[in-house]
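Colleague: Each number in the numbering used here comes from the position in the sequence shown (counting from 1) with 57 added on.
All C-beta atoms in this analysis are idealised placements derived from N, C-alpha and C, irrespective of residue type, glycine included.
Shown below is the structure under consideration.
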Amino acid sequence: MQAERHILITGGAGFIGSHVVRRMVTRYPNYRITNLDKLTYAGNLENLRDIETLPNYQFIRGDIADPVFVMELFRTHRFDGVIHLAAESHVDRSIIAPDDFVYTNIIGTVNLLNAARAFWNKDQGCRFHHISTDEVFGSLGEAGYFTEQTPYDPRSPYAASKASSDFFVRAYGHTYGLPYVLTNCSNNYGPYQFPEKLIPLVINNIRHGRPIPVYAQGQNVRDWLYVEDHAAAIDLVFHRAVNGATYTIGGNNEWRNIDVVRKLCALMDQKLGRRGESAERLITFVADRPGHDYRYAINSSKIRQELGWAPVVDFDEGLRRTVDWYLDHTEWLDHVTSGAYRTYYERMYAGR
Ligand code: NAD
Ligand code: TYD
């Protein structure tokens, strides 16, 4: 049995955060888990419906960009661990409106660091786990991999904001001795991902017979990791890494976007039993994303060797599970695309 701890998970109503909350609440019944989330368009408490009544879980709505609120939260709750996932996370949105990425990803992270610094005693085994992305490293050509040693070269406003937050976390570790660990992960996919990201967007558009927008010629490459494998890596690093450690995490699973889209078309044809006209007819090549990074790929041998982590869900299995989940949860999809999920908070939590 693990010792009692009180862990703050930020962004727990989002895609990856909801998987991390579910894992921590169910695997560690001795922990108290507080989920802090602003419930932006990307935050959805329906993602946590199955665990929300467990006694070691509580939800608090709040904005990490508000320094007074964050300081007061730490004063009241005395957390001894933070797993920080709250962020604005979509590159396309960061190109249209970068400011929210500065407020949440940079200022929000600094507010959390200030509060942790104010209330944590270095000897108490406290830990700040900052969740980041491989996009901070920039773009690869045809060859090579990102590692923990790769110099930063962020190229989108999203990547710049995450890189800045990574630097602040390390600076607080170096300057004030704040106990932290940091992970940079590749593209995640799986249940509960908001359908603005490639994989759920394609599934949802096929479902409705809408065009599938593929940027440029779909030749850009991403390294895909099933979200539960990322949650398992976070669990391991949070519990087992030494202070100040960084790990790059990836699926060793590179695909061109067009090939991911074609795989999804084939799976959806099969699942929906549509004969004769493949979903591929919906593929529509559209203008490229400005500054579109060509290729991301991760060398994750450090976490594999030091902590024994390895992904367990291969891409075909992960895509099958993902498509099945979305087709079994069309109500969830309809709620997030119509905005109806916003009423869930009012029903469940308002006035508590
Ligand atoms: P998401 O957009 O699905 O969820 C983000 C969550 O943060 C939402 O619940 C949102 O309501 C909350 N949030 C946003 N602003 C907030 C604020 N000011 N205060 C409190 N809560 C706020 O994101 P995701 O895809 O689950 O990503 C989670 C984290 O993992 C992010 O830090 C992201 O940079 C990182 N990451 C994501 C991927 C990926 O492929 N999705 C890969 C590597 C790293
Ligand atoms: P996305 O899921 O937005 O993740 P990221 O930009 O963080 O890698 O996009 C994955 C890839 O798919 C990326 O190369 C952009 C591309 N893409 C499209 O071609 N069409 C789309 O509609 C979207 C959302 C993404």
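Per DSSP, which residues does Trp281 bridge with? Please list them.
Modeller: As a first step, residue 281 must be located in the sequence shown, where it is residue number 224. Answer by DSSP bridge pairing, in chain order: Asn244.
Colleague: Can Ser213 and Ile306 be called in contact, C-beta distance under 8 Å?
Modeller: Along the sequence shown, read from residue 1 onward, the residue named residue 213 stands at position 156. Along the sequence shown, read from residue 1 onward, the residue named residue 306 stands at position 249. Cβ distance not < 8 Å, so Ser213 and Ile306 don't count as in contact.
Colleague: What did DSSP end up calling Trp366 once you bin it into helix, strand or coil?
Modeller: As a position in the sequence shown, residue 366 is number 309, starting the count at 1. Looking at Trp366 - three-state DSSP - the assignment turns out to be coil, as it is neither helix nor strand.
Colleague: Is it a yes or a no for the stretch 219-237 touching the stretch 171-188, going by three-plus beta-carbon pairs under 8 Å?
Modeller: These segments touch.
Colleague: Assuming contact is defined by CB atoms lying nearer than 8 Å, are Tyr246 and Tyr272 in contact in what I supplied?
Modeller: The residue given as residue 246 occupies position 189 in the sequence shown. The residue given as residue 272 occupies position 215 in the sequence shown. The answer is no: Cβ separation not under 8 Å.
Colleague: Please classify Asn178 as buried or exposed, where buried requires at least 16 other C-beta atoms within 10 Å of its C-beta.
Modeller: The residue labelled residue 178 in the question sits at position 121 within the sequence shown. Under this definition Asn178 is an exposed residue.
Colleague: Which partner residues does Phe372 have in the DSSP bridge list?
Modeller: Residue mapping note: residue 372 aligns to position 315 of the sequence shown, counting from 1. Partner(s): none; Phe372 has no beta bridge.
Colleague: Going by beta-carbon coordinates alone, are Phe203 and Asp191 separated by less than 8 Å?
Modeller: Locating residue 203 in the sequence shown gives position 146, counting from the first residue. Locating residue 191 in the sequence shown gives position 134, counting from the first residue. Yes. Within cutoff.
Colleague: Would you mind sorting His141 into buried or exposed? The rule is 16 or more other CB atoms within 10 Å of its CB.
Modeller: In the sequence shown, the residue the question calls residue 141 occupies position 84. His141 should be labelled buried.
Colleague: Ile291 to Asp223, Cα distance in whole Å?
Modeller: Within the sequence shown, the letter at position 234 stands for residue 291. Within the sequence shown, the letter at position 166 stands for residue 223. Near 16 Å, if we compare the C-alpha coordinates of Asp223 and Ile291.
Colleague: Compute the Euclidean distance between the alpha carbons of His296 and Glu337, then round it to the nearest angstrom.
Modeller: Counting from one through the sequence shown, the residue named residue 296 turns up at place 239. Counting from one through the sequence shown, the residue named residue 337 turns up at place 280. Distance between the alpha carbons of His296 and Glu337: 44 Å.
Colleague: Quick check on the burial criterion: 16 or more other C-beta atoms within 10 angstroms. Buried or exposed for Glu285?
Modeller: For this step, residue 285 is matched to residue 228 along the sequence shown. Buried, because 16 or more other Cβ atoms sit within 10 Å of the Cβ of Glu285.
Colleague: Look up Leu96 in the DSSP assignment and say whether it is helix, strand or coil.
Modeller: Position 39 of the sequence shown, counted from the first residue, corresponds to residue 96. Here Leu96 sits in coil by DSSP.
Colleague: Between which two residues does the alpha helix (DSSP H) harbouring His392 extend?
Modeller: Your numbering for residue 392 matches position 335 in the sequence shown. Residues Thr387 to Ser395.
Colleague: Does the distance between the C-beta of Val148 and the nearest non-hydrogen atom of the ligand GTP fall short of 7 Å?
Modeller: In terms of ligand content, the structure shown lacks the ligand GTP and carries the ligand NAD and the ligand TYD instead.
Colleague: Taking the beta carbon of Glu199 as the centre, do at least 16 other beta carbons fall within 10 Å, making it buried, or is it exposed?
Modeller: The sequence position of residue 199 within the sequence shown is 142, counting from 1. Classification for Glu199: exposed.
Colleague: Look up His186 in the DSSP assignment and say whether it is helix, strand or coil.
Modeller: Looking up residue 186 in the sequence shown gives position 129. His186: strand per DSSP, three-state reduction.
Colleague: Should Glu192 be counted as a contact of the ligand TYD given a C-beta to heavy atom distance under 7 Å?
Modeller: Within the sequence shown, the letter at position 135 stands for residue 192. Glu192: yes, Cβ under 7 Å from the ligand TYD.
Colleague: If Gly275 and Asn310 are in contact, beta carbons under 8 Å, what's the gap, nearest whole angstrom?
Modeller: Indexing the sequence shown from 1 puts residue 275 at position 218. Indexing the sequence shown from 1 puts residue 310 at position 253. With 8 Å as the limit, Gly275 and Asn310 do not qualify as a contact, their Cβ atoms being about 17 Å apart.
Colleague: Can you give the Cα-Cα distance for Arg331 and Leu324, rounded to whole angstroms?
Modeller: On the sequence shown, position 274 is the one that residue 331 refers to. On the sequence shown, position 267 is the one that residue 324 refers to. Each residue's Cα considered, the two are about 11 Å apart.
Colleague: Who are the Cβ neighbours of Met128 in its own chain at under 6 Å, not counting the five residues just before and after it?
Modeller: Within the sequence shown, the letter at position 71 stands for residue 128. Contacts found: Ala172.
Colleague: Going by beta carbon distance, what residues of the same chain come within less than 7 Å of Asp103, once the five residues before and after it are set aside?
Modeller: Numbered from its first residue, the sequence shown carries residue 103 at position 46. Position check: residue 103 holds Glu in this sequence, whereas Asp was assumed. Excluding positions up to five away in sequence, the list reads Trp389, His392, Tyr398 and Tyr401.
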